[in-house]
Amino acid sequence: MSDSAMLTMPASRALPAGPASLAHAQKLDIAAVPRGAWEALCAASIEPNVFFDPGYAVPAATMAAGGKGADALVAFDTADHGRMLGLLPVTSAWHAYKLPIPALVALQPYSPLSTPLLEAEHAIEAAGALIDGAAATGAHLLVLPDMMLDGPVAMAFQAALAERGLSSLTDHAHQRAAFDATITDTDDYLRASMGAKRLKEMRRLRNRLADDGEVVFSMARSPLTIAPALERFLALEARGWKGNLGTGLGQSQADTAFITAVARDLGTRGAFEVAELTLNGATIAAGLVLRQGDRAFFFKIAYDEDLARVSPGVQLTLELTKRFAANPAIALVDSTAAAGHPMIDHVWRERLSVGDLLIPTRPHDPAGPALGKLIIARRHAREEAKRLVRFIASIREKKS
């Protein structure tokens, strides 16, 4: 991997063309989607997205505090109704944005990625079926927040849109950190990313931490070890800034039930891991790692803020980086972090292009593009309001 700031998403399998009638889509209650066909689609998807695995998406929709239920647009093979070709969890624009408009939004709690699942052999047909399926529900717009903008799924949607004479809108395009796990030398990689001086300082801090006792890095991978490790993660998260804000996963019974169900379901399939860094047996940093296909997702991190002087969160990330690179089953790690993250952006130097894709569902329909512009304007207005609030707060702090 070069030092380029952009990582082009892999498209190892071509996007074949085919008859539009190959697939048809319908909206189902997400809990009623056939589990076996759904898991088969995950395995055959042209681009991984563990957040749309049934083991994650169903608990997110039905158990998490912000779930409130959800549906799924499901594309089936017209010749084999038991074969699933595409899937996208969706909710109403009212639930997502409090806007009473005819639009469907791929939004669920704690999901930093809305790339739909498309079967690799029929990606374009599946994408088209999802668009047509959304239109059949009465939606004039389909919104995919935090979508991979340059991957094979995006390519399939653009091809399907072109076949229908439609054009999408893009908003909130940004870059987020990722790690090319196919590298052969992590020391060289980290030195190039962090700088030799910073990397040397991290090693000095690790030695300083070891002066206080035994430092151990471990990964909980089996259901028996994941459950207690998750409890330690939630307790550590609750003691930090998220705990102060009341946003930790362990601070709501609904959210705790959700992440526990996800850990249990994905953990039995080797798709959920908890990384821990301990000092004398006490957890000082922990992270949740989700897996699908050849991709890992660094989903959550928590650390002991009383030990911030030795950067336990960075120390955990450095250990994870080495483990990812040593695992031949992992090709890419998505940080799932916000753009410009103050920690991960200085450790992992690859970048994924992410943004909101807004898709009109009907040709020659002015309502779709108009609704898209309305949603974009609303987001920009909310961001401007938040900036104004922060500005006023900063003035008051200076005067006090």
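If you number the sequence shown the way this note's numbering does, the last residue is 434 and the count never jumps.
The beta-carbon is built from N, C-alpha and C at its ideal position, and this holds for glycine as well.
- DSSP places Pro123 within a strand segment (E or B) once states are collapsed to three.
- Gly389 is positioned such that its CB atom lies no closer than 7 angstroms to that of Leu203.
- Thr395 and Ala173 do touch by the CB rule: their CB atoms are close to 6 angstroms apart, below 8 angstroms.
- In terms of Cβ geometry, Ala106 and Gly120 do not form a close pair [threshold 7 angstroms].
- Under the Cβ criterion (8 angstroms, minimum of three pairs), the region 84-94 counts as touching the region 138-146.
- Between Met189 and the set Leu239, Ala170 and Glu81, the nearest pair of CA atoms involves Glu81.
- If the five residues before and after Lys102 are omitted, its C-beta is found closer than 7 angstroms to the C-beta atoms of His129, all from its own chain and listed in chain order.
- Here the region 355-375 does not lie against the region 163-179, with fewer than 3 beta-carbon pairs under 8 angstroms apart.
- When secondary structure is reduced to three states using DSSP, Glu384 falls in the strand class.
- Straight across, the Cα-Cα distance linking Pro403 with Met182 is about 21 angstroms.
- Using a Cβ distance threshold of 7 angstroms, Leu233 and Arg225 count as a contacting pair.
- Per DSSP, Ile335 is one residue of the beta strand (DSSP E) stretching across Arg329 to Tyr337.
- With contact defined as three or more Cβ pairs closer than 8 angstroms, the region 296-316 and the region 274-284 are not in contact.
- Counted as a single uninterrupted DSSP element, the beta strand (DSSP E) harbouring Gln326 occupies residues Ala316 to Gln326.
- Taking a cut-off of 8 angstroms on C-beta distances, the region 323-330 does not touch the region 339-348, as fewer than three cross pairs fall below it.
- Judged by DSSP secondary structure, Leu107 falls within the beta strand (DSSP E) whose first and last residues are Asp105 to Asp111.
- Inter-residue distance for Ser286 and Asp340 is about 24 angstroms (C-alpha atoms, whole angstroms).
- The residue among Asp184, Ala161, Ala212 and Pro136 with its C-alpha nearest the C-alpha of Arg198 is Ala161.
- Using a Cβ distance threshold of 7 angstroms, Ser369 and Ile378 count as a contacting pair.
- CA-CA distance, Gln209 to Glu384, rounds to 9 angstroms.
- A straight-line Cα-Cα distance of about 8 angstroms links Phe292 and Tyr90.
- Shortest Cα-Cα distance from Ala254 to any of Arg238, Lys276, Ala244 and Phe306 involves Phe306.
- Of the candidates Lys420, Tyr131 and Glu310, the residue whose Cα lies closest to the Cα of Gly321 is Glu310.
- Distance from Ala336 to Leu392 at the Cβ level is roughly 34 angstroms; contact not present, criterion being Cβ atoms closer than 8 angstroms.
- Cβ atoms of Thr171 and Lys61 come within 8 angstroms of each other, at about 5 angstroms.
- In this structure Leu200 touches Pro397 by the C-beta definition: roughly 6 angstroms separates them, less than 8 angstroms.
- Trp275 sits exposed, since fewer than 16 C-beta atoms from the chains shown fall within 10 Å of its C-beta.
- Under the 10 Å beta carbon count, Val423 is surrounded by fewer than 16 other beta carbons and is classified as exposed.
- Within the same chain, and ignoring the five residues on either side of Asp289 in sequence, the residues whose Cβ sits closer than 7 angstroms to its Cβ are Ala98, Ala99 and Leu283.
- Residues Val381 of the same chain have their beta carbon placed closer than 6 angstroms to that of Thr351, with the five preceding and five following residues left out of the count.
- Looking only at Val323, Pro400, Lys356 and Leu195, the smallest Cα-Cα distance to Thr220 is reached by Lys356.
- According to DSSP, residue pairing for Leu313 in a beta bridge involves Val249 and Ala316.
- Note: Val308 is bridge-paired with Ala254 and Leu322 in the DSSP secondary-structure output.
- Exclusion of the five residues before and after Ala401 leaves His174 as the residues of its chain whose Cβ lies within less than 7 angstroms of its Cβ.
- At the C-beta level, Ile158 and Ala211 stay beyond 7 angstroms of one another.
- Taking C-beta separations shorter than 6 angstroms and ignoring five residues to either side along the sequence, the partners of Val249 in its chain run Leu243 and Leu313, following chain order.
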